[in-house]
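Peer 1: If you scroll down you'll find the structure; I have some questions about it.
Number of protein chains: 2
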Amino acid sequence: MQTVTDQIKASMAGSSWIRKMFEKGMELKRQHGAEAVCDFSLGNPDVPPPAKTKAVLEAMASEAVKPLGLGYCPNAGIPAVREAIAAYLARQQQSPVSAGNVVMTVGAAGALVSFFRAVVAPGDEVICPSPYFVEYGSYCGHFGGVLKPVPSIADDGFRPDVAAIEAAITPKTRALLVNSPNNPTGCIYSEEDMRRLASVVDKVNAARGDEGRPLFLLSDEPYRAFAYDGATVPPVLPLTPYAVVLGSFSKTLSLAGERIGYVAVSPQMPDGATLVNAVTLTNRTLGFVNAPVIGQRLAAALLDETADLDVYDRRRKLMAKVLTDAGVDFTMPRGAFYFFPKAPGGDDLAFVDALQDELVLAVPGRGFGMAGFVRLSCSVDEKIIARSADGFKRAVAKLKA
Amino acid sequence: MQTVTDQIKASMAGSSWIRKMFEKGMELKRQHGAEAVCDFSLGNPDVPPPAKTKAVLEAMASEAVKPLGLGYCPNAGIPAVREAIAAYLARQQQSPVSAGNVVMTVGAAGALVSFFRAVVAPGDEVICPSPYFVEYGSYCGHFGGVLKPVPSIADDGFRPDVAAIEAAITPKTRALLVNSPNNPTGCIYSEEDMRRLASVVDKVNAARGDEGRPLFLLSDEPYRAFAYDGATVPPVLPLTPYAVVLGSFSKTLSLAGERIGYVAVSPQMPDGATLVNAVTLTNRTLGFVNAPVIGQRLAAALLDETADLDVYDRRRKLMAKVLTDAGVDFTMPRGAFYFFPKAPGGDDLAFVDALQDELVLAVPGRGFGMAGFVRLSCSVDEKIIARSADGFKRAVAKLKA
Numbered sequence: 000m001q002t003v004t005d006q007i008k009a010s011m012a013g014s015s016w017i018r019k020m021f022e023k024g025m026e027l028k029r030q031h032g033a034e035a036v037c038d039f040s041l042g043n044p045d046v047p048p049p050a051k052t053k054a055v056l057e058a059m060a061s062e063a064v065k066p067l068g069l070g071y072c073p074n075a076g077i078p079a080v081r082e083a084i085a086a087y088l089a090r091q092q093q094s095p096v097s098a099g100n101v102v103m104t105v106g107a108a109g110a111l112v113s114f115f116r117a118v119v120a121p122g123d124e125v126i127c128p129s130p131y132f133v134e135y136g137s138y139c140g141h142f143g144g145v146l147k148p149v150p151s152i153a154d155d156g157f158r159p160d161v162a163a164i165e166a167a168i169t170p171k172t173r174a175l176l177v178n179s180p181n182n183p184t185g186c187i188y189s190e191e192d193m194r195r196l197a198s199v200v201d202k203v204n205a206a207r208g209d210e211g212r213p214l215f216l217l218s219d220e221p222y223r224a225f226a227y228d229g230a231t232v233p234p235v236l237p238l239t240p241y242a243v244v245l246g247s248f249s250k251t252l253s254l255a256g257e258r259i260g261y262v263a264v265s266p267q268m269p270d271g272a273t274l275v276n277a278v279t280l281t282n283r284t285l286g287f288v289n290a291p292v293i294g295q296r297l298a299a300a301l302l303d304e305t306a307d308l309d310v311y312d313r314r315r316k317l318m319a320k321v322l323t324d325a326g327v328d329f330t331m332p333r334g335a336f337y338f339f340p341k342a343p344g345g346d347d348l349a350f351v352d353a354l355q356d357e358l359v360l361a362v363p364g365r366g367f368g369m370a371g372f373v374r375l376s377c378s379v380d381e382k383i384i385a386r387s388a389d390g391f392k393r394a395v396a397k398l399k400a
Numbered sequence: 000m001q002t003v004t005d006q007i008k009a010s011m012a013g014s015s016w017i018r019k020m021f022e023k024g025m026e027l028k029r030q031h032g033a034e035a036v037c038d039f040s041l042g043n044p045d046v047p048p049p050a051k052t053k054a055v056l057e058a059m060a061s062e063a064v065k066p067l068g069l070g071y072c073p074n075a076g077i078p079a080v081r082e083a084i085a086a087y088l089a090r091q092q093q094s095p096v097s098a099g100n101v102v103m104t105v106g107a108a109g110a111l112v113s114f115f116r117a118v119v120a121p122g123d124e125v126i127c128p129s130p131y132f133v134e135y136g137s138y139c140g141h142f143g144g145v146l147k148p149v150p151s152i153a154d155d156g157f158r159p160d161v162a163a164i165e166a167a168i169t170p171k172t173r174a175l176l177v178n179s180p181n182n183p184t185g186c187i188y189s190e191e192d193m194r195r196l197a198s199v200v201d202k203v204n205a206a207r208g209d210e211g212r213p214l215f216l217l218s219d220e221p222y223r224a225f226a227y228d229g230a231t232v233p234p235v236l237p238l239t240p241y242a243v244v245l246g247s248f249s250k251t252l253s254l255a256g257e258r259i260g261y262v263a264v265s266p267q268m269p270d271g272a273t274l275v276n277a278v279t280l281t282n283r284t285l286g287f288v289n290a291p292v293i294g295q296r297l298a299a300a301l302l303d304e305t306a307d308l309d310v311y312d313r314r315r316k317l318m319a320k321v322l323t324d325a326g327v328d329f330t331m332p333r334g335a336f337y338f339f340p341k342a343p344g345g346d347d348l349a350f351v352d353a354l355q356d357e358l359v360l361a362v363p364g365r366g367f368g369m370a371g372f373v374r375l376s377c378s379v380d381e382k383i384i385a386r387s388a389d390g391f392k393r394a395v396a397k398l399k400a
């Protein structure tokens, strides 16, 4: 019988790029041994969590066995945790964020889905610069939303094309969704580009009027702490009253599996309290109920810590050297931990195949809405990056032959 | 501006019964002190987690700070945890469940939502006996599903009305959703009733044919371990190949806030692998990504343990005495930790109000789809139950006056 809906069946077929890479990788590792394969396909932060994590978890163990020690917390999060995160965001975002502006969520993914559930009606649109994290389409699509990717300026470091974004806005557009530092390009959006996007949002909202449905500026920023060469990631909340930050501690604290993130709504947003209440409701009714309590407490206790991010910078420099030596054309990422180089010859699938022949795993750019490039994730040891050098050279040579 | 969709706005207004109770409770506690209020409104398991939880968490602390110690796991769960849960379910369900039949989820709520996303198309129906856990409506409603409650037989201990359920099935019905032991009634569905429901499912599926979309028998069983007076909860997986179990450790291990549950698809289901893959996909794309890894490991390490469930039985007996002494008409619950007594005079709101005047908090039955009753949760200390006795008597006296 037909157990699954047609839509989900299509989704299962459509998600096959990353799945294919994963399965191909498993197969290659079985054949050649895990050590022989240079796997740049996954973004699972492998740098250990901060050392303090151990003491925090141990201390939590005694509290956990008290009555309600691991019980439900309010749907928006543990009050003390919300306050701690609000104070942290107030500093980071240079905005008077308070606990009432924050909802703790099951990762940034849970934050996005809960947020979209609250604001997206069937047929509504969400605009994002491409290439983009491909799950965005599902996140709003669950509720009838439609993702409209707008190509970034590949020749200018994958800056967002603000004019094209503005031109893509229709009365049905509910959000501009940006992700800076960007997965997959590593681009950090400049303060000027962010200001221009915020101006577009303000202009649209002024035209829609007090009775209209606003356009939100959503900033998905799990990689905020990953900025190199002295780059800074400009705060978003001060730019427009309709700004919303969605973040997580998955990458900064290397606790991606424990699923801790948050939504923070601008304290300046008119009727922002309704939106926060709505996200608290959808966070509950979507089955998240509350962000995992152990992870919430861990994150709050580790706000002054990060995993050793210098490791990522060293890998970045090494990967840049490997690509340069192989004659691959790429933009040096200033943030996150990905490279998005051009496929020699222009065919991302051909490049991915040629790399696979060398036991090097990459994901084709079409998996991120931009063919002709590939994504490499540097969440692997420097030894593996170094070891991939010859494979890159041979793969490039083959494609240029 | 109108930040939130009309549907979610309606949902916010609709969820106001439990919210009102919660807010009223907060207000009463502020006015009279938390000690003075007997709060039977919430189902947050307050019996401490098993003592072993402490040692397990401490041991985990050393592992957590290794690379990937808290990293993403496969979307369906940590392989060793899936295997442990499968072995546990194989014993409990008397069915050859293997890891491939199981997806670890963010609580039973996350299990239900991920499952509905995989099988419910807009306009599809889900039938459940009422009274019922009111969030079921949202869980399938997010994707255009419609919940169709069918009243249980209140005069016969809230047994499901199998004939009425069968009569309610249409070509659009995708699932019969049962919850035994039941929230809010405490009813444990008999093996015979479960067999009759399974026969209905088999008959419908035979008629729909190989190319049709099946009717599933969903068993939501977070309270399976809560059975008293020697009662047993019959296993569901052997009853029909289209059986699916959705469970959690929130109540049994008192770790509701850590959000650990699972979906287990019958090993006999034709093309069950597609369904498991679909739920794995929706679990990811709905933003859960994977069930929290600390909680997964905790649950797997504590499968032979439970919180002290005898406490709940003692409370049950005490609450029964309190209600009997007050002249309240009720069915003795054989499972879970709720009472669903009749409102004296028949008006649940009037009874809830009269109880509030006595600083006793209950939830009106209409919040569970059945007016004329109230729900009392025994996840509170015996002292509080004892202390409520006079309040119940006075409230009943007032309504009978």
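Chains as they are written, first to last, in numbering that gives the first Met the number 0: chain E, 0 to 400; chain R, 0 to 400.
We put the beta carbon where it would ideally sit given N, CA and C, even for glycine.
All values derive from a computational prediction rather than experimental measurement.
Could you run through the segment 128-158 of chain R and flag, in chain order, every residue whose CB is less than 8 Å away from some CB of chain E?
Peer 2: Result list: Glu134, Ser137, Tyr138, His141, Phe142.
Peer 1: Shortest alpha-carbon distance to Val414 of chain R belongs to which of R:Gly344, R:Leu297, R:Ser378, R:Ile17?
Peer 2: Lying before the first or after the last residue shown, residue 414 of chain R is absent from chain R, which here runs from 0 to 400.
Peer 1: Assign Ser247 of chain R to one of two classes, buried (16 or more other C-beta atoms within 10 Å of its C-beta) or exposed (fewer than that).
Peer 2: In the second sequence, the residue the question calls residue 247 of chain R occupies position 248. By the neighbour-count rule (16 or more Cβ atoms within 10 Å), Ser247 of chain R is buried.
Peer 1: Going by C-alpha distance, which of R:Lys341, R:Cys127, R:Pro159 is nearest Pro148 of chain R?
Peer 2: Numbered from its first residue, the second sequence carries residue 148 of chain R at position 149. Checking every option, the nearest Cα to that of Pro148 of chain R belongs to R:Cys127.
Peer 1: Does any C-beta atom of chain E lie closer than 8 Å to the C-beta of Gln1 of chain R?
Peer 2: Taking the first residue of the second sequence as position 1, residue 1 of chain R is located at position 2. For Gln1 of chain R, the answer is yes, since a Cβ of chain E falls inside 8 Å of its Cβ.
Peer 1: Nearest-angstrom Cα distance between Val3 of chain E and Val351 of chain R?
Peer 2: For the purposes of this step, residue 3 of chain E is identified with residue 4 of the first sequence, where counting begins at 1. For the purposes of this step, residue 351 of chain R is identified with residue 352 of the second sequence, where counting begins at 1. Approximately 43 Å, taken between the alpha carbons.
Peer 1: Indicate the three-state DSSP secondary structure (helix, strand or coil) for Val55 of chain R in the structure shown.
Peer 2: Here residue 55 of chain R refers to the residue found at position 56 of the second sequence. Correct three-state label for Val55 of chain R: helix.
Peer 1: Mind checking if Ile17 of chain E is an interface residue toward chain R, Cβ cutoff 8 Å exclusive?
Peer 2: Here the question's residue 17 of chain E lines up with position 18 in the first sequence. It does not; no Cβ of chain R falls within 8 Å.
Peer 1: So Thr273 of chain E is in the alpha helix (DSSP H); what residue range does that whole segment cover?
Peer 2: On the first sequence, position 274 is the one that residue 273 of chain E refers to. 271-284 is the extent of the alpha helix (DSSP H) around Thr273 of chain E.
Peer 1: With a threshold of 8 Å between beta carbons, is Lys65 of chain R in contact with chain E?
Peer 2: By one-based count along the second sequence, residue 65 of chain R stands at place 66. Taking Cβ atoms only, chain E reaches closer than 8 Å to Lys65 of chain R, which makes this a yes.
Peer 1: Are Leu216 of chain E and Ala197 of chain E close, meaning C-beta to C-beta below 8 Å?
Peer 2: On the first sequence, residue 216 of chain E is found 217 positions in, with the first residue counted as 1. On the first sequence, residue 197 of chain E is found 198 positions in, with the first residue counted as 1. In contact: Leu216 of chain E and Ala197 of chain E (Cβ atoms closer than 8 Å).
Peer 1: I'd like the span of the alpha helix (DSSP H) that includes Tyr138 of chain R, first residue to last.
Peer 2: The residue you call residue 138 of chain R lines up with position 139 of the second sequence. Residues 135-140.
Peer 1: Could you give the uninterrupted runs of the beta strand (DSSP E) lying entirely in the segment 356-388 of chain E, keeping only those of 3 residues or more?
Peer 2: 373-376, all fully within the segment 356-388 of chain E.
Peer 1: In three-state DSSP terms, what is Gly418 of chain R?
Peer 2: In the structure displayed, chain R extends from 0 to 400; residue 418 of chain R sits before or after that span and is not available.
Peer 1: What does the alpha-carbon distance come out to for the pair Val203 of chain R and Arg90 of chain R?
Peer 2: The sequence position of residue 203 of chain R within the second sequence is 204, counting from 1. The sequence position of residue 90 of chain R within the second sequence is 91, counting from 1. Each residue's alpha carbon lies about 29 Å from the other.
Peer 1: Taking 8 Å as the cut-off, decide whether the C-beta atoms of Asn100 of chain E and Ala263 of chain E are in contact.
Peer 2: Here residue 100 of chain E corresponds to residue number 101 of the first sequence, with the count starting at 1. Here residue 263 of chain E corresponds to residue number 264 of the first sequence, with the count starting at 1. Cβ distance < 8 Å, so Asn100 of chain E and Ala263 of chain E count as in contact.
Peer 1: Taking Cβ to Cβ, would you say Asn265 of chain E is nearer than 8 Å to Val288 of chain E?
Peer 2: To locate residue 265 of chain E, count along the first sequence from 1; it is residue 266. To locate residue 288 of chain E, count along the first sequence from 1; it is residue 289. The displayed chain sequence assigns Ser, not Asn, to residue 265 of chain E. Against a cut-off of 8 Å, the Cβ pair of Val288 of chain E and Ser265 of chain E comes out as no contact.
Peer 1: Verify the CB distance criterion: does Ser189 of chain E have a CB-CB separation below 8 Å to chain R?
Peer 2: Sequence index remark: in the first sequence, residue 189 of chain E carries index 190 (1-based). No, because no Cβ of chain R sits closer than 8 Å to the Cβ of Ser189 of chain E.
Peer 1: Which word fits Thr169 of chain E, buried or exposed, when buried means at least 16 other C-beta atoms lie within 10 angstroms of its C-beta?
Peer 2: To locate residue 169 of chain E, count along the first sequence from 1; it is residue 170. So Thr169 of chain E counts as exposed.
Peer 1: Roughly how many whole angstroms lie between the Cα atoms of Glu62 of chain R and Phe339 of chain R?
Peer 2: Stepping through the second sequence from its first residue, residue 62 of chain R is reached at position 63. Stepping through the second sequence from its first residue, residue 339 of chain R is reached at position 340. So the two alpha carbons sit approximately 45 Å from each other.
Peer 1: Would a check of beta-carbon distances place Leu375 of chain E closer than 8 Å to chain R?
Peer 2: As a working note, residue 375 of chain E is residue 376 in the first sequence. False, the Cβ-Cβ gap to chain R never drops below 8 Å.
Peer 1: As an exercise, report each continuous beta strand (DSSP E) stretch of at least 3 residues that is fully enclosed by the segment 86-157 of chain R, in chain order.
Peer 2: Counting whole runs of 3 or more residues, the segment 86-157 of chain R contains the beta strand (DSSP E) stretches 101-104, 124-129, 145-150.
Peer 1: Cβ atoms of Tyr71 of chain E and Ala405 of chain R: under 8 Å apart, would you say?
Peer 2: Not covered by the structure: residue 405 of chain R. The range shown for chain R is 0 to 400.
Peer 1: For a contact meaning CB atoms closer than 8 Å, what does Gln6 of chain E contact in chain R?
Peer 2: In the first sequence, counting from the first residue as 1, residue 6 of chain E sits at position 7. The contacting residues are Ala120.
Peer 1: Check whether the Cβ atoms of Gly260 of chain E and Val46 of chain E sit closer than 8 Å, and answer yes or no.
Peer 2: As a position in the first sequence, residue 260 of chain E is number 261, starting the count at 1. As a position in the first sequence, residue 46 of chain E is number 47, starting the count at 1. Cβ distance not < 8 Å, so Gly260 of chain E and Val46 of chain E don't count as in contact.
Peer 1: When burial is assigned at 16 or more other CB atoms within 10 Å of the CB, is Pro121 of chain R buried or exposed?
Peer 2: On the second sequence, residue 121 of chain R is found 122 positions in, with the first residue counted as 1. Answer is exposed; the Cβ neighbour count stays below 16.
Peer 1: Does Val80 of chain R come out as helix, strand or coil in the three-state DSSP assignment?
Peer 2: Stepping through the second sequence from its first residue, residue 80 of chain R is reached at position 81. Val80 of chain R: helix per DSSP, three-state reduction.
Peer 1: Would you mind working out which of E:Arg116, E:Ile164, E:Val36, E:Ala12 sits nearest Ile7 of chain R, comparing C-alpha positions?
Peer 2: As a working mapping, residue 7 of chain R is identified with position 8 in the second sequence. Closest option to Ile7 of chain R, Cα to Cα, is E:Arg116.
Peer 1: Looking only at its own chain, which residues have a Cβ that is under 6 Å from the Cβ of Ser357 of chain R, when we skip the five neighbours before and after it?
Peer 2: Here residue 357 of chain R refers to the residue found at position 358 when the second sequence is read from its first residue. Before going further, note that residue 357 of chain R is Glu rather than Ser in the sequence given. These residues qualify, in order along the chain: Gly390, Arg393, Ala394.
Peer 1: Let's test the definition: count the other Cβ atoms within 10 Å of the Cβ of Pro78 of chain R and tell me whether it reaches 16, buried, or not, exposed.
Peer 2: By 1-based counting over the second sequence, the position of residue 78 of chain R is 79. So Pro78 of chain R ends up on the exposed side.
Peer 1: Let me check understanding here. Comparing Cα to Cα, which of R:Val235, R:Gly208, R:Gly13 lies closest to Met0 of chain E?
Peer 2: In the first sequence, the residue the question calls residue 0 of chain E occupies position 1. Checking every option, the nearest Cα to that of Met0 of chain E belongs to R:Gly208.
Peer 1: Quick one: is His141 of chain R buried, meaning 16 or more other Cβ sit within 10 Å of its Cβ, or exposed?
Peer 2: Numbered from 1 along the second sequence, position 142 holds the residue referred to as residue 141 of chain R. Flag for His141 of chain R reads buried.
Peer 1: Taking only the alpha-carbon atoms, compute the straight-line gap between Cys37 of chain E and Pro49 of chain E and give it to the nearest angstrom.
Peer 2: The sequence position of residue 37 of chain E within the first sequence is 38, counting from 1. The sequence position of residue 49 of chain E within the first sequence is 50, counting from 1. Distance between the alpha carbons of Cys37 of chain E and Pro49 of chain E: 26 Å.
Peer 1: Buried or exposed: which applies to Gln295 of chain E, given that a residue is buried once 16 or more other Cβ atoms fall within 10 Å of its Cβ?
Peer 2: Taking the first sequence and counting its residues from 1, one reaches residue 295 of chain E at position 296. Gln295 of chain E comes out buried.
Peer 1: In angstroms, rounded to a whole number, what distance separates the CA positions of Ser189 of chain E and Pro234 of chain E?
Peer 2: Indexing the first sequence from 1 puts residue 189 of chain E at position 190. Indexing the first sequence from 1 puts residue 234 of chain E at position 235. Approximately 10 Å between the Cα atoms of the pair.
Peer 1: By the three-class DSSP mapping on this structure, what secondary structure does Lys341 of chain E have?
Peer 2: Here residue 341 of chain E refers to the residue found at position 342 when the first sequence is read from its first residue. Strand at Lys341 of chain E.
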